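**Student:** Residues in the sequence shown are numbered from 16 upward in steps of one, following my numbering. Where a beta carbon is used, it is the ideal one built from N, C-alpha and C, also for glycine. Note that the coordinates shown come from a computational prediction; the quantities given were computed from them, not determined experimentally.
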Amino acid sequence: MTVTSTLSQGKALEFGAAALIVCDSVVRVFRGNGVEVQALQGLDLLVHEGDMLAIVGASGSGKSTLLGILSGLDVPTAGRARVAGHDLTTMRGQELVRYRRSTVGFVRQQSSRNLLPNLTASENIALPLALAGAGRRERAAKAAELLSAMGLVERADQGPAQLSGGEQQRVSIAVALAGSPQVLLADEPTGQLDARTGEEVFAALRTVNEALGCTVVIVTHDATVAGQVRRAVAIRDGRISSDTLRRNELNAEGISTSSEEEFAVLDRVGRLQLPSEFRHALRLNDWVRLTLEDDHVGVWPEHGVGTDAEAGR
Ligand code: ADP
Ligand code: MG
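(1) Between Ser-86 and the ligand MG, is the CB less than 7 angstroms from at least one heavy atom?
(2) For a test of your reading of the model: does the CB of Ser-79 fall under 7 angstroms from any non-hydrogen atom of the ligand COA? Yes or no.
(3) If you reduce the DSSP assignment to three classes, tell me which class Leu-134 lands in.
(4) Below 8 angstroms on the Cβ atoms is my guess for Ser-40 versus Gly-57; work out the distance and round it to an integer in Å.
(5) Should Asp-237 be listed as close to the ligand MG, given that the test is whether its C-beta is under 7 angstroms from any heavy atom?
(6) Looking at Asp-252 and the ligand MG, is the gap between the Cβ and the nearest heavy atom below 7 angstroms?
(7) Cβ-heavy atom distance between Gly-57 and the ligand ADP below 7 angstroms?
(8) Applying the criterion that 16 or more other CB atoms from any shown protein chain within 10 Å of the CB defines a buried residue, is Phe-45 buried or exposed?
(9) Leaving out five residues before and five after Val-223 in sequence, what residues of the same chain have Cβ atoms less than 8 angstroms from its Cβ?
(10) Considering just the uninterrupted stretch of the alpha helix (DSSP H) at Phe-293, what are its terminal residues?
(11) Which residue marks the beginning of the beta strand (DSSP E) containing Val-10, and which one marks its end?
(12) Skipping 5 residues on each side, what residues in its chain have a beta carbon closer than 6 angstroms to that of Ile-36?
(13) Could you spell out the range, first to last residue, of the beta strand (DSSP E) harbouring Thr-212?
(14) Does DSSP put Ser-257 in a helix, in a strand, or in coil?
(15) Does the beta carbon of Asp-89 fall short of 7 angstroms from some heavy atom of the ligand MG?
(16) Between the Cα of Phe-217 and the Cα atoms of Ser-257, Gln-243, Gly-75 and Asp-282, which residue gives the shortest distance?
(17) CB-CB under 7 angstroms to Thr-272, same chain, minus the five flanking residues each way: which ones, in chain order?
(18) Taking just the CA atoms, how far does Ala-69 sit from Arg-261?
(19) Quick one: Cα of Arg-43 to Cα of Gly-253, how far?
(20) Could you please give the first and the last residue of the uninterrupted alpha helix (DSSP H) stretch that includes Ala-73?
(21) As a quick exercise: from Leu-297, Gly-75 and Glu-317, pick the residue whose alpha carbon is nearest that of Arg-304.
(22) How many Å lie between Gln-288 and Val-122 at the Cα?
(23) In this structure, does DSSP put Gly-235 in helix, strand or coil?
(24) Could I get the ranges of all uninterrupted beta strand (DSSP E) runs contained in the segment 138-221, with 3 residues as the minimum, in chain order?
(25) Check whether the Cβ atoms of Gly-329 and Val-119 lie closer than 8 angstroms to each other.
(26) Tell me, to the nearest whole angstrom, how far the beta carbon of Ile-233 is from that of Ala-210; I am working on the premise that it is less than 8 angstroms.
(27) Using three-state DSSP, classify Thr-272 as helix, strand or coil.
(28) Pick from Glu-225, Leu-227 and Leu-60: whose alpha carbon is nearest that of Leu-81?
(29) Leaving out five residues before and five after Gly-31 in sequence, what residues of the same chain have Cβ atoms less than 6 angstroms from its Cβ?
Below, the structure written as structure tokens:
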């Protein structure tokens, strides 16, 4: 693993000035019954327009909390979040309504929460447009366009109960796209599907990204999903811990090859998460010795000190 300071480059400008999605030290604390849960603990993330990105992390790592904030349903406790020029910490009223209607689209894990059971696929897609005041002809045209993009033309007049799980999620994606959003957010969209059906939904999400030009952010606990996208970001304890980029290149023989490199993310105050396998391999606990070399930083185990320090704290 290489360590790079991708997030701190180009800081003469405002952090992430050119990015479509900017999370800058985002904190979300939930309080209740005298307990406090720090779901997001200073999360930094930049996503550029046209990206397709997976955010991968274990259950409880803060993925849904992050998507809740990006979709405008929730607000950070501290830090800054901006999407397509909208400041998510201060947005309210009409701006918030317009943001949720036409800047972001949201797909939930259970299609039963994305679709109304007594409406057909086509009517489900037209509904958000009707709520936004679009006329009959515009609604019909948009529904037809999205059904076609999702490969569902023949399913237009069927209700959710008549559709397979994969088809239901593709209709859910079409519903989320009805307002022509710049960003599509999907929370575990394949979580209740078998692997093959999940791939079909991923193909639909790629179409959204490549053919419709929408920026796509998918959250999942399934690490194998990371192989389906160019960029996968790992979230751990409410913070981004690594960023994996996949590049397609032509080799000397002109054959396309795919290479993958995982980067640890150094945040803006210099914090870095060491992978647990590194920590276990060298028994790195509590205290480590850091050395500055010409071209790298060394991290050395310091056995025996950590536990005493822990006890004395
Ligand atoms: P993930 O989607 O990665 O499984 P979540 O974002 O749902 O994780 O949750 C992150 C942490 O925040 C968990 O510990 C969860 O219990 C807690 N949490 C999430 N939502 C709430 C809430 N509304 N009230 C209290 N705690 C919450
Ligand atoms: Mg979740």
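**Tutor:** According to the data block:
(1) Within the sequence shown, the letter at position 71 stands for residue 86. Ser-86 Cβ: outside cutoff for every heavy atom of the ligand MG.
(2) The ligand COA is absent from the structure shown, which contains only the ligand ADP and the ligand MG.
(3) Within the sequence shown, numbered from 1, the residue matching residue 134 stands at position 119. Leu-134 falls in the coil class under three-state DSSP.
(4) Counted from its first residue, the sequence shown places residue 40 at position 25. Counted from its first residue, the sequence shown places residue 57 at position 42. About 5 angstroms; that satisfies the 8 angstroms criterion.
(5) The sequence position of residue 237 within the sequence shown is 222, counting from 1. The answer is no for Asp-237.
(6) As a working mapping, residue 252 is identified with position 237 in the sequence shown. Not so, every heavy atom of the ligand MG lies at least 7 angstroms from the Cβ.
(7) The residue given as residue 57 occupies position 42 in the sequence shown. No; taking the cut-off as 7 angstroms, the Cβ of Gly-57 has no heavy atom of the ligand ADP nearer than that.
(8) Taking the first residue of the sequence shown as 1, we reach residue 45 at position 30. It counts as exposed.
(9) If you number the sequence shown from 1, residue 223 lands on position 208. Excluding sequence neighbours, Val-223 sits near Ala-164, Ile-188, Leu-192, Leu-199, Cys-229 and Val-231.
(10) By one-based count along the sequence shown, residue 293 stands at place 278. Where Phe-293 is concerned, the enclosing alpha helix (DSSP H) stretches over 291-296.
(11) With the chain covering 16 to 328 only, the question about residue 10 has no answer from this structure.
(12) Residue 36 sits at position 21 when you count from the first residue of the sequence shown. For Ile-36, where only same-chain residues beyond five positions count, the Cβ hits under 6 angstroms are Val-62 and Val-98.
(13) The residue given as residue 212 occupies position 197 in the sequence shown. Careful: Thr-212 lies outside any beta strand (DSSP E), inside the alpha helix (DSSP H) at 210-225.
(14) Position 242 of the sequence shown holds residue 257. Ser-257 falls in the strand class under three-state DSSP.
(15) In the sequence shown, the residue the question calls residue 89 occupies position 74. Asp-89 Cβ: outside cutoff for every heavy atom of the ligand MG.
(16) Here residue 217 is taken as the residue at index 202 of the sequence shown, counted from 1. The residue with the shortest Cα to Cα distance from Phe-217 is Gln-243.
(17) Along the sequence shown, one-based indexing puts residue 272 at 257. Contacts found: Glu-264 and Asn-266.
(18) By 1-based counting over the sequence shown, the position of residue 261 is 246. By 1-based counting over the sequence shown, the position of residue 69 is 54. Straight-line Cα distance between these residues: approximately 12 angstroms.
(19) The residue you call residue 43 lines up with position 28 of the sequence shown. The residue you call residue 253 lines up with position 238 of the sequence shown. Each residue's Cα considered, the two are about 9 angstroms apart.
(20) Working through the sequence shown from its first residue, we reach residue 73 at position 58. It is not in any alpha helix (DSSP H) - Ala-73 carries neither H nor E in the DSSP assignment.
(21) To locate residue 304, count along the sequence shown from 1; it is residue 289. For Arg-304, the nearest C-alpha among the options comes from Glu-317.
(22) Position 273 of the sequence shown holds residue 288. Position 107 of the sequence shown holds residue 122. Taking the straight line from one Cα to the other gives about 30 angstroms.
(23) Translated into positions along the sequence shown, residue 235 becomes position 220. The residue you asked about is not Gly; residue 235 is Thr in the sequence shown. Thr-235: strand per DSSP, three-state reduction.
(24) 198-202
(25) Residue 329 is absent from the structure shown; the chain starts at 16 and stops at 328.
(26) Stepping through the sequence shown from its first residue, residue 233 is reached at position 218. Stepping through the sequence shown from its first residue, residue 210 is reached at position 195. 16 angstroms between Cβ atoms; not a contact.
(27) The residue you call residue 272 lines up with position 257 of the sequence shown. DSSP places Thr-272 in strand when its eight states are reduced to three.
(28) On the sequence shown, position 66 is the one that residue 81 refers to. Measuring from the Cα of Leu-81, the nearest candidate turns out to be Leu-60.
(29) Mapped onto the sequence shown, residue 31 falls at position 16. These residues qualify, in order along the chain: Val-37 and Leu-61.
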